[in-house]
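Residue numbers (the numbering used here): 48 to 255. Here is the structure we will look at.
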């Protein structure tokens with residue numbers, strides 16, 4: 048396998064809507080030319096364009112919102128992977144996708160609630176992994192952002208992650224190659240409704 052994109056789309060989104068009636072990944076985001084599409088669709092399309100094969104990790108519940116999310120991600124050409132224990136946290140979701148893509152040359156791990164990341168940024172992270180970096184990450188204004196890339200050497204460690212700690216421990220052992228980018232989107236995730244209002248405003252103002 049070549050480098051594989053992993054789109055993490057299994058979060059509970061409790062900060063966005065504690066009642067769980069709204070799924071933030073299905074909220075619309077201005078995607079250009081006066082159109083608006085679900086946040087997860089924009090993130091998936093960008094990742095697919097920059098990487099190619101993408102595994103989208105989703106939760107195992109059968110709610111209408113989850114069914115719609117799976118369908119939308121499938122329509123974008125993603126391999127939709129249902130992670131039975133995704134509620135345990137990001138680490139569990141990552142491990143699930145890594146095990147499903149054993150043999151890949153590397154992975155680009157992206158968040159489905161970050162629709163502002165530019166395709167060129169993801170491509171730069173992919174290039175670093177293809178050229179032998181154990182890990183790589185974009186930096187904007189001195190801050191590390193997303194997505195983060197990992198080479199095959201990190202596969203065994205990523206495959207046994209669990210809980211909500213994500214891949215921080217792996218990055219601590221394999222210091223990422225720093226890729227400085229003029230892309231504020233690498234720092235802009237959507238946790239709550241105020242974040243959504245902010246990214247919508249930035250997109251209208253041409254800042255995304």
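No residue lacks a Cβ here, since even glycine has one placed at the ideal position from N, Cα and C.
In chain order, what residues of the same chain lie with their CB nearer than 6 Å to the CB of residue i, ignoring the 5 residues before and after it?
i           : result
residue 28  : Given a span of 48 to 255 for the chain in the structure shown, any question on residue 28 remains unanswerable.
residue 134 : none
residue 231 : 187
residue 96  : 166
residue 208 : 138, 141, 142
Taking the Cβ atom as the reference point for each residue, do residue i and residue j lie within a distance shorter than 8 Å?
i           : j           : result
residue 172 : residue 194 : yes
residue 155 : residue 52  : yes
residue 176 : residue 50  : yes
residue 157 : residue 90  : yes
residue 234 : residue 166 : no
residue 153 : residue 199 : yes
To the nearest angstrom, report how far apart residue i and residue j are at their CA atoms.
i           : j           : result
residue 124 : residue 241 : 30 Å
residue 217 : residue 169 : 20 Å
residue 76  : residue 174 : 28 Å
residue 71  : residue 219 : 30 Å
residue 83  : residue 247 : 10 Å
residue 192 : residue 110 : 31 Å
residue 92  : residue 131 : 25 Å
residue 112 : residue 159 : 15 Å
residue 221 : residue 229 : 24 Å
residue 244 : residue 162 : 13 Å
residue 204 : residue 237 : 28 Å
residue 94  : residue 54  : 8 Å
residue 206 : residue 149 : 9 Å
residue 197 : residue 100 : 15 Å
residue 114 : residue 164 : 25 Å
residue 118 : residue 126 : 11 Å
Does the beta-carbon of residue i have 16 or more other beta-carbons within 10 angstroms, so that it is buried, or is it exposed?
i           : result
residue 259 : Absent from the model: residue 259. The displayed extent of the chain is 48 to 255, so no value can be given.
residue 69  : exposed
residue 227 : exposed
residue 215 : exposed
residue 179 : exposed
Please determine, among the options, the residue with the shortest C-alpha to C-alpha distance to residue i.
i           : options           : result
residue 151 : 76, 98, 213, 83   : 98
residue 122 : 229, 87, 186, 239 : 87
residue 202 : 181, 215, 190     : 181
residue 73  : 109, 108, 120     : 120
residue 249 : 56, 54, 78        : 78
Short of 8 Å in beta carbon distance, which residues of its chain neighbour residue i, apart from the five on each side in sequence? Order them along the chain.
i           : result
residue 128 : 102, 103, 104, 105, 143, 144, 147
residue 254 : Residue placement at residue 254 cannot be trusted, given a pLDDT of 46 that sits under 50; what the coordinates show is reported in the next sentence. Excluding sequence neighbours, residue 254 sits near 231.
residue 22  : The requested residue 22 is not part of the displayed model; the chain covers only 48 to 255.
Apart from the five residues just before and just after residue i, which ones in its own chain have a Cβ nearer than 7 Å to its Cβ?
i          : result
residue 56 : 72, 87, 103, 104, 105, 116, 120, 159
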